[in-house]
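Notes follow once the structure below has been shown.
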Amino acid sequence: MPMKCCIPYCKSNYSTVTERTTIFGFPKLQSDFEAWLKVLPSTIKKITKFMGVCAKHWPADAEMVKIKRFLRPVHPPSLFLSAILPAIPKRYTTVARKQTKTIRRRKIRKQSTPAAPVPDFILQADEASSNCDMDLISSWQNFRQQIQQLDCIKRDSWLLQTGPNTELTLLIVIQQSVECAVCISGDFTANAYRQHTPVYIADLIGCDNRIERISQLEAVLNRLVKLCELDSM
Numbered sequence: 009m010p011m012k013c014c015i016p017y018c019k020s021n022y023s024t025v026t027e028r029t030t031i032f033g034f035p036k037l038q039s040d041f042e043a044w045l046k047v048l049p050s051t052i053k054k055i056t057k058f059m060g061v062c063a064k065h066w067p068a069d070a071e072m073v074k075i076k077r078f079l080r081p082v083h084p085p086s087l088f089l090s091a092i093l094p095a096i097p098k099r100y101t102t103v104a105r106k107q108t109k110t111i112r113r114r115k116i117r118k119q120s121t122p123a124a125p126v127p128d129f130i131l132q133a134d135e136a137s138s139n140c141d142m143d144l145i146s147s148w149q150n151f152r153q154q155i156q157q158l159d160c161i162k163r164d165s166w167l168l169q170t171g172p173n174t175e176l177t178l179l180i181v182i183q184q185s186v187e188c189a190v191c192i193s194g195d196f197t198a199n200a201y202r203q204h205t206p207v208y209i210a211d212l213i214g215c216d217n218r219i220e221r222i223s224q225l226e227a228v229l230n231r232l233v234k235l236c237e238l239d240s241m
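In the numbering used here, the protein residues as written are 9 to 241.
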């Protein structure tokens, strides 16, 4: 039986009897492996030696490199939606996040300006409130920008893996093995894993496992890193 492409809904080598599509195995070099893993859909949780990506997910003129006796694309796969679009169920849609009461109150507060000089203690309170507002996640685009500014992302070498719609996964990869993962869906529901085992985070982000503030995500990432450190002791 031919190797199957690991991209969800891709039917290479299985859609017809006569179809035979080239399947490229994952690179063994750690930097190349991480580059591939970073662009794959977030539904792919674990990579094995029997998994690969078919040629449909690269441009036809993709640059190739010879590894031993076989050719492999130089760059990571880049074509996902166009290659699998006919097989994606129509029921999958993007869910927009509802505007929170806190955000509505913030907009109302910005519309009013004080007519008299404001005392220092009120200015300090407003500054604290402003910092609190900056911590709020107002939209998916805003959330993506806030993640890039977190110190722990670079410090702990988290990989950001984006999905086809509003979803993303943060990963820590050690020796081509996913040690930690945080999966965030379009409605900001988050799930954390340590070596593919669920990690309890409801005490950090609430019982509904939904992230409201960027500081909550930072707390989740720090917990997973500490678990890695404890296991290595």
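Using N, Cα and C, we set each Cβ at its ideal position, and we do this for glycine too.
So the alpha helix (DSSP H) residue i belongs to, where does it begin and stop?
i	result
Q169	Segment 167–170 is the beta strand (DSSP E) holding Q169; no alpha helix (DSSP H) there.
V229	Per the sequence presented here, residue 229 reads as Leu, with Val not at that position. Where L229 is concerned, the enclosing alpha helix (DSSP H) stretches over 222–240.
When the distance is taken between beta carbons, is residue j closer than 9 Å to residue i?
i	j	result
F196	I145	yes
L48	C14	yes
V186	I180	yes
Q169	I55	no
W166	G194	no
F151	I209	no
F34	M59	yes
K64	T29	yes
I52	P84	no
V61	F41	no
Going by other Cβ atoms of all chains shown within 10 Å of its Cβ, with 16 needed for buried, is residue i buried or exposed?
i	result
T101	Confidence at T101 is low in this model, with a pLDDT of 38, below 50, so the placement of that residue is unreliable and no value is reported for it.
I75	exposed
A189	buried
P81	buried
D69	exposed
C215	exposed
I219	buried
D238	For the record, residue 238 in the displayed sequence is Leu; it is not Asp. Under this definition L238 is an exposed residue.
Q154	buried
State the start and end residues of the unbroken beta strand (DSSP E) segment that holds residue i.
i	result
E42	From DSSP, E42 is part of no beta strand (DSSP E) but of the alpha helix (DSSP H) over 38–47.
P81	78–81
Assuming residue i contacts residue j (C-beta within less than 8 Å), just tell me the rounded distance between them.
i	j	result
D164	V233	5 Å
L212	Q224	6 Å
| Can you list, in chain order, the stretches of the alpha helix (DSSP H) that have 4 or more residues and sit fully within the segment 144–213? | 148–156, 159–163, 210–213, all fully within the segment 144–213.
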